[in-house]
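Everything below concerns the one structure shown next.
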Amino acid sequence: MPPTKLTKLKTYHVDDGAKRGPMTMSQVRFHPTERVLFAACAERRVAVWNLDDKETTVKNLTAVPGAFACPHETGWVRCLDVSPDGKWLATGGSDRRLKLWAFAGGKPADKPTHDTEAHAGWVEGLAFSPDGKLLVTGGADLAVKVWNAADLTPVKSLTGHTGFLRDAAWLPDGSAFVTGAEDGKLLVWDAKALSLVRTITFGGANEQFGQNPSLSGVHRLHVSRDGKWVAAAGGKTLTAFDLATGTPVAEDKSDAQVCFSPKDDLLATGSNNAKVVAYDSTKFVPAKADKNGKLGNPGPLPGKELAQIKLGDFSLGMRFSADGKLLGLGRADGKVEVWEVV
Amino acid sequence: MTRSETHPAECRRADHHLSRRLFLQGAGAAALGGFGRLFAADNAEKAAKQQKHVILVFMSGGPSQFETWDPKTGRPTGGPHMNTQTTVPGIRFDEYMPNLARLADRMAVIRSMTSDLGDHMEAHYLAQTGHKPTNVVATAPHWLSMCARQRPAANGLPSYVVLGAEGGGNMAVPGPGFLGAGYQGLYCPGKGQGPEDLPAAGAKDLDDYRRRAALRTQLGEGYSTGRTSSAADSHDAAFGSVERLLRNRDLFDLAKEPPKRVEKYGPTALGKDCLLAARLVEKGVPFVRVQHQGGLAWDKHRRAFDSQRHLTREFDVATGALIDDLRERELWDKTLVILMGEFGRTPEILGQGSPGRNHWTKSWSLSLGGCGVKPGVVVGSTNEDGTAVKDRPVTIPDLFATFYTLLGIDYRTELEFEGRPVPLTENSKGTPVKEVL
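Spelled out as structure tokens, the structure:
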């Protein structure tokens, strides 16, 4: 039976007592085999929770308390990923470093197994390959880098983006990976040849100025479970593309965030308000070119909206668990909500 | 209008144009050769060479000291930005300021600014007039209007030009105040564009304009006869500037600049305006205010640290090129370049929603250079987390006392408005920051 609704389970929160503003979650990941939740936030460390811990109430806040782990010396952790076998956690920071942490006994090790200066700028976007052998990172130096996941030795540095990198994701079969940047481009890379296969224009690239800067270009991207679609979110738009052709097939006015369920045809998107849609790819309406060859807009994202979840302004961090049964939603106020997909 | 006419450092009317030495040099040349026109041209050129200039690049919104000149990388207040070593040993700037880091040994930085107005518009007013808006006895002029009065341009050029607007409020770019419209900065809309709505180019259009101006003057004289009206004087002054502009139309024409020079400033609006500011100074305009974007762009309450990278990077490219350009063209020694906003930002990363910093007046930074500013100097410091000035606090009156001193204007000068004394800086407070002089 395909899922029909989402139910909120618990709220998770982290606080080490330091005087500061909200921790502002920016990325959320579930451990693939254990009941552990991770989040990158406005901190040089990663927030970690045991999903089964009980909620406590402190100063009118009822939430599961967490802990900090995987410290970088300076800056903030900007991205993280867990290896498919669950044995490793990788973190990338604004300190330009990529760190690999062993995960055992329900928590990451105190010290990294490997630690390297990965980019000449903030490390953004990090993804283990499905077989766990390779890691891809993007950087504010505009480079895409491929690493041996076992020891962080460099495999290849790729160029092609012209704006700060933001996110990376693999196809489930490991044949290719996709990177997205503030230049408004999605670049599809062949995983064997480590060469560019296709450039997809998402758009929305602009300089992030003013008092209320939007997240310009591609902010987040993800690939569907069948490897057919890649969705990108940023600025004010979500667009899904056919990975084989690069053609836009659906769009939505949600923004900033996107992830596919690994088990169902579910897509979560949105920032201030997250929504979860059971999409129907048979009803995608691809964009068509006009008589001058200019590509029009695709049809709206088809399917049934299962949930509309109000998170609050500027909320970021969104990911399904490996079994597709949980959805983690980060919030700007430093909390992560976990919802059950029923 | 000048109250302390006899003050030794106060300039007299003649000082605005020619020094006594220059005058005698010219008189000697005339006596020897009798080339009156050469004499005039020669001295106009020399007078222009005496002129000091200011390019004020204003970072409206309140630039974060942490993400510019006073990073605290690795501290709880440091945020995600890294820092980079400058050409001054031991001094580091934000990682997105490589050009200004390279030029740190040419500029001075004040890391111990402290002020007390945390509202954007009040702080804009204070940081650009030297007066708090609530304390003025007369509407205070922008300090560059004041400079335009004290040190007007030679050769009929505009004395003060404003490039770009800040739309964040009506006190963002203070006007000429009680000095009157004659000292209003000539407004250009930004993006490297010259003044708007000028009459069309060409001899016929200039003649048409002069004919209309003559009629206006004739009618105006009828009104002014027997009246003392500062408003009419201001009106006349404003119209008087238009013909000068028509004669100097190509001042603002960036198309006349070689592409290589244009390229160095970057493709941004700020780049174009910094180039135009350099061009104006090179042509003899004394005072230029450059607005870095409208909309209080440096006011980073939210999504600060990601978007700050873009803002800082374009600022660094444009102002770095400006400094390089002024030095290459030997304008550096007589041009005061100031990079500042109205206040700083909170050490605590608070934000409204996503991370950012709020307004902070207690300890903030700015940078200045050229025009005799001692290069490579860092004035004052903040504590480990940047929560307070550790040593050598510098106030806004101190800053203005420094600016005026660098320009050879006595900061203790008092002007007069309706019989009341109006000092250049509020209550004549302030002491020049001797470390940069």
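Top to bottom, those sequences are chains A and B. Counting along the first sequence from 1, when you hit position 278 you're at 278 in my numbering, and nothing is skipped either side. Counting along the second sequence from 1, when you hit position 326 you're at 1326 in my numbering, and nothing is skipped either side. A virtual CB, placed ideally from N, CA and C, is assigned to each residue, including glycine. All figures in this text were calculated on a predicted structure; none of them were measured in a lab.
Residue i, buried or exposed, once every other Cβ within 10 Å from all chains shown has been counted against 16
i       : result
A:N292  : exposed
A:T113  : exposed
B:P1421 : exposed
A:K185  : buried
B:N1043 : Confidence in B:N1043 is poor, its pLDDT being 49 and thus under 50, which makes the residue's placement unreliable; the coordinate value appears in the next sentence. Burial call: buried.
A:D16   : exposed
B:L1219 : exposed
A:L327  : buried
B:Q1085 : exposed
A:T153  : exposed
A:R29   : buried
A:P298  : buried
A:S26   : buried
A:M1    : exposed
A:A42   : buried
A:V338  : buried
B:N1099 : buried
B:R1210 : exposed
A:K10   : buried
Three-way DSSP call (helix, strand, coil) for residue i in this model
i       : result
B:Q1085 : strand
A:V46   : strand
A:F260  : strand
B:N1427 : helix
B:C1147 : helix
A:C41   : coil
B:T1077 : coil
B:C1274 : helix
A:A63   : strand
B:Q1050 : helix
B:F1178 : helix
B:Y1439 : Any answer about residue 1439 of chain B is impossible in this case: the structure gives chain B only from 1001 up to 1437.
B:D1391 : strand
B:G1218 : The sequence given here has Gln at residue 1218 of chain B, not Gly. In the structure shown, B:Q1218 sits in a helix (DSSP, three-state: H, G or I).
Backbone CA spacing between residue i and residue j [nearest angstrom]
i       : j       : result
B:L1336 : B:M1059 : 16 Å
A:Q308  : A:F241  : 23 Å
B:G1167 : B:R1279 : 25 Å
B:N1358 : B:M1097 : 22 Å
B:G1222 : B:A1123 : 43 Å
B:R1212 : B:H1053 : 34 Å
B:P1158 : B:G1180 : 15 Å
A:D115  : B:A1165 : 47 Å
A:G66   : A:L306  : 29 Å
A:R319  : B:G1062 : 36 Å
B:P1008 : B:L1326 : Its pLDDT being 32, under 50, B:P1008 is placed unreliably by the model, and the measurement read from it follows with that caveat. Taking the straight line joining both Cα atoms gives about 32 Å.
A:A191  : A:L165  : 18 Å
A:W170  : A:D333  : 30 Å
B:A1108 : B:L1350 : 30 Å
7 Å CB neighbourhood of residue i in its chain, flanking five on each side removed
i       : result
B:A1040 : Unreliable positioning characterises B:A1040 in this predicted model, as indicated by a pLDDT of 46, which lies under 50. A coordinate reading is not provided.
B:L1024 : Its pLDDT being 33, under 50, B:L1024 is placed unreliably by the model, and the measurement read from it follows with that caveat. Hits under 7 Å: none found.
Own chain residues within Cβ distance below 6 Å of residue i, not counting five before or after
i       : result
A:K145  : T137 and S157
A:R198  : V188 and G246
B:T1077 : P1347, D1385 and G1386
B:G1271 : Y1265 and A1318
B:V1162 : G1185, Y1187 and R1289
A:L316  : S26 and G330
Chain D residues whose Cβ lies nearer than 9 Å to that of residue i
i       : result
B:A1172 : Reference to chain D is not applicable here, since the protein chains of this structure are A and B.
Residue range of the unbroken beta strand (DSSP E) whose run includes residue i
i       : result
A:K99   : R97 to A104
A:P154  : P154 to L158
A:R220  : R220 to V223
A:D327  : Just to set this straight, residue 327 of chain A is Leu in the shown sequence, not Asp. Unbroken beta strand (DSSP E) run through A:L327: L326 to G330.
B:D1092 : The residue you asked about is not Asp; residue 1092 of chain B is Arg in the sequence shown. First-last of the beta strand (DSSP E) with B:R1092: R1092 to D1094.
A:T179  : A176 to A181
B:V1262 : That residue, B:V1262, is in no beta strand (DSSP E); its alpha helix (DSSP H) goes P1259 to K1264.
A:L267  : L266 to T269
A:D242  : T237 to D242
A:E340  : K335 to V341
Endpoints, alpha helix (DSSP H) assigned at residue i
i       : result
B:P1098 : P1098 to R1102
B:T1319 : A1304 to E1328
B:E1122 : H1120 to T1129
Closer than 7 Å: residue i CB and nearest the ligand MN heavy atom
i      : result
A:A118 : You won't find the ligand MN in this model; it holds no ligand whatsoever.
Cβ shell of residue i (< 8 Å), same chain only, five flanking positions each side left out
i       : result
B:F1400 : G1130, W1143, Y1411, L1424, T1425 and G1430
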